[in-house]
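Asks: Here you go, one structure.
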């Protein structure tokens with residue numbers, strides 16, 4: 001069965017500094033990976049996905065993610081974090097039946 | 001463009017009561033999903049539907065039932081609510097499998113916050 005792990009419950013960074021949110025995956029076959037963001041009292045919003053092709057995927061709001069097959073990782077990155085990036089971030093992997101399995105989530109706090 | 005709409009937004013129930021959560025989408029999506037979100041556990045799939053008239057069990061289906069009588073609506077029912085079902089419930093939808101549909105993201109509603117006393 002497929003699964004993802006987000007090893008950090010919380011990530012704290014200063015505004016303007018680089019932001020990285022870690023995700024590792026376990027799948028049989030090709031991985032289909034997604035990142036979502038959740039703001040307080042809202043549903044999840046899609047940020048980006050990796051299906052195939054370039055290992056660096058660019059998404060919404062200046063976020064990007066780097067797919068690394070040898071390390072089975074799909075880390076989310078932003079070169080310069082904003083206070084407004086403070087939110088809960090979820091990594092997810094799609095299975096062969098087109099269902100998503102989500103990680104436990106990482107709370108990002110960007111301080112001014 | 002409303003996207004995915006969930007009603008109600010909040011509800012408090014007593015143990016043993018029943019209720020139905022409604023999810024409606026206006027994007028003509030084939031697939032619809034019900035999740036529950038609990039602290040530190042991410043989202044767990046309760047039931048899902050790949051088309052009108054079809055439903056299937058997800059990871060945590062016990063204590064819940066669903067129906068998909070119309071393509072745009074997906075109902076989640078609790079027949080006899082228990083305190084363990086206190087959670088935030090999210091509905092999501094996705095375009096079908098045809099073409100690039102299988103690689104498209106799910107679209108989420110803003111959730112229903114349910115407390116069971």
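Protein chains in written order, with the working numbering: chain V, 1 to 112; chain B, 1 to 117.
In this text, a Cβ means the ideal position worked out from N, Cα and C, and glycines have one as well.
#1: In the DSSP assignment, what residue or residues form a beta bridge with residue 77 of chain V?
#2: Grouping DSSP H, G and I as helix and E and B as strand, with all else coil, what is residue 84 of chain V?
#3: Mind pulling the chain V residues with CB within less than 9 Å of residue 89 of chain B?
#4: Are the CB atoms of residue 82 of chain V and residue 65 of chain V within a distance shorter than 8 Å?
#5: Where does the unbroken beta strand (DSSP E) through residue 6 of chain V begin, and where does it stop?
#6: From what residue to what residue does the beta strand (DSSP E) around residue 24 of chain B run?
#7: Which same chain residues, not among the five before or five after residue 45 of chain B, have their C-beta less than 8 Å away from its C-beta?
#8: Give the range of the beta strand (DSSP E) segment to which residue 46 of chain B is assigned.
#9: For residue 111 of chain B, go through chain V and note every residue whose CB falls closer than 8 Å to its CB, in chain order.
#10: State the beta-bridge partners of residue 116 of chain B as determined by DSSP.
#11: Whole angstroms is fine: what's the gap from residue 49 of chain B's alpha carbon to residue 42 of chain V's?
#12: Given this structure, state the Cα-to-Cα distance separating residue 103 of chain B from residue 51 of chain V, to the nearest angstrom.
#13: Determine the closest residue to residue 74 of chain V out of V:109, V:13, V:47 and V:38, with distance taken between C-alpha atoms.
#14: If you count every other CB in all the chains shown that lies within 10 Å of the CB of residue 38 of chain V, and 16 or more means buried, which is it?
#15: Show which residues of chain B have a CB atom less than 7 Å away from the CB atom of residue 105 of chain V.
#16: Just by C-beta distance, which residues in the stretch 51-83 of chain V are closer than 7 Å to chain B?
#17: At 9 Å on the CB atoms, spell out the chain V contacts of residue 108 of chain B, in chain order.
#18: Pull up the distance between the alpha-carbon of residue 76 of chain B and that of residue 108 of chain V, whole angstroms please.
#19: How about residue 89 of chain V: is its C-beta nearer than 8 Å to some C-beta of chain B?
Replies: Straight from the coordinates:
#1: V:20 and V:64
#2: helix
#3: Going along chain V, no residue has its Cβ under 9 Å from residue 89 of chain B, so there is no contact; the nearest lies around 11 Å.
#4: no
#5: Neither: residue 6 of chain V is in no beta strand (DSSP E) and is coded neither H nor E.
#6: 19-25
#7: 33, 34, 35, 58, 59 and 60
#8: 43-51
#9: 41, 42 and 43
#10: B:13
#11: 23 Å
#12: 7 Å
#13: V:47
#14: buried
#15: 42
#16: 51
#17: 36, 38, 42, 43, 44, 45 and 46
#18: 31 Å
#19: no
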